[in-house]
Amino acid sequence: DAKTTQPTSMDCAEGRAANLPCNHSTISGNEYVYWYRQIHSQGPQYIIHGLKNNETNEMASLIITEDRKSSTLILPHATLRDTAVYYCIPQGTQGGSEKLVFGKGTKLTVNP
Amino acid sequence: GAVVSQHPSWVICKSGTSVKIECRSLDFQATTMFWYRQFPKQSLMLMATSNEGSKATYEQGVEKDKFLINHASLTLSTLTVTSAHPEDSSFYICSAERDQYEQYFGPGTRLTVT
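Residue numbers (my numbering), protein chains in the order written: chain A, 12 to 123; chain B, 576 to 689.
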């Protein structure tokens, strides 16, 4: 499994963009980058995933560097409800079910 | 869509008793479900992978005789903590795989063993 490095914590002002970086320099060619978040005392919530190209959905945008060694999750207009721990998780595509390995993640605090 | 429920949401039991936690995929079928455990201020740790109709696969260090997993249907997996002790107190979370590489998580069950 690829190892990831994320900042322990970040702060963001409400209404501003939150940019959460993740380093996954050992990611293999067939591994996607998945982002989940966990609001306190709840189960994790899927946000977005990508392989090479940048991706966008209703929740966030994912920017993956050309060498795929790092990525950035962007919450364009952070709200107080976005306060959570964000996890960046490489996941393989070898076929069959793939277990998710959660690291320590980044605790994002959105301030009013 | 893709809703996963857990029951109960919290439970308190006495040391030595057994507790069963249910995980259901409400609007999709899941051949594979996963069980995680999370201690305070720590990340989720995978305990086991549950496959419908077959034996679960446990992660290293997880006692299969203590944490019994049954995945009898495509929408239900259960985790039974047998002879629970205070050190088993934790937040137990399941996830269900809808399509390949799409996992949806339940809200979690908080277990307190007194």
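Just so it is clear, CB atoms sit at the ideal spot from N, CA and C, and this is done for glycine as well. Since the structure is predicted, the reported quantities are computational estimates derived from the model, not experimental observations.
query = On the premise that residue 589(B) lies in contact with residue 689(B), defined as a C-beta separation below 8 Å, what is that separation, rounded to the nearest angstrom?
reply = 6 Å
task = Assuming residue 59(A) and residue 48(A) form a contact by the criterion Cβ under 8 Å, report the distance between their Cβ atoms to the nearest whole angstrom.
result = No, residue 59(A) and residue 48(A) are not in contact; Cβ-Cβ is about 10 Å, not under 8 Å.
message = What does the alpha-carbon distance come out to for the pair residue 611(B) and residue 97(A)?
response = 17 Å
key: Cβ-Cβ distance between residue 593(B) and residue 658(B) below 9 Å   = yes
query = Using the rule of at least 16 other Cβ atoms within 10 Å of the residue's Cβ for burial, across every protein chain shown, is residue 27(A) buried or exposed?
reply = exposed
ask   = Counting Cβ pairs closer than 8 Å, one from the stretch 596-605 of chain B and one from the stretch 79-92 of chain A, do we hit at least three?
value = no
ask   = Under 9 Å between C-beta atoms, does residue 682(B) make it to chain A?
value = yes
Own chain residues within Cβ distance below 6 Å of residue 683(B), not counting five before or after = 666 and 668
key: residue 92(A) - DSSP class collapsed to helix/strand/coil   = helix
DSSP bridge partner residues for residue 609(B) (one or two, in chain order) = Partner(s): 624(B) and 670(B).
ask   = From the DSSP output, which residues share a beta bridge with residue 685(B)?
value = 585(B) and 666(B)
ask   = What's the call for residue 92(A), buried or exposed, on a 16-neighbour Cβ count within 10 Å?
value = exposed
request  = Could you round the C-beta distance between residue 114(A) and residue 17(A) to whole angstroms and report it? I think they count as a contact, below 8 Å.
outcome  = 7 Å
Nearest candidate by alpha-carbon position, reference residue 43(A), set 29(A), 63(A) and 25(A) = 63(A)
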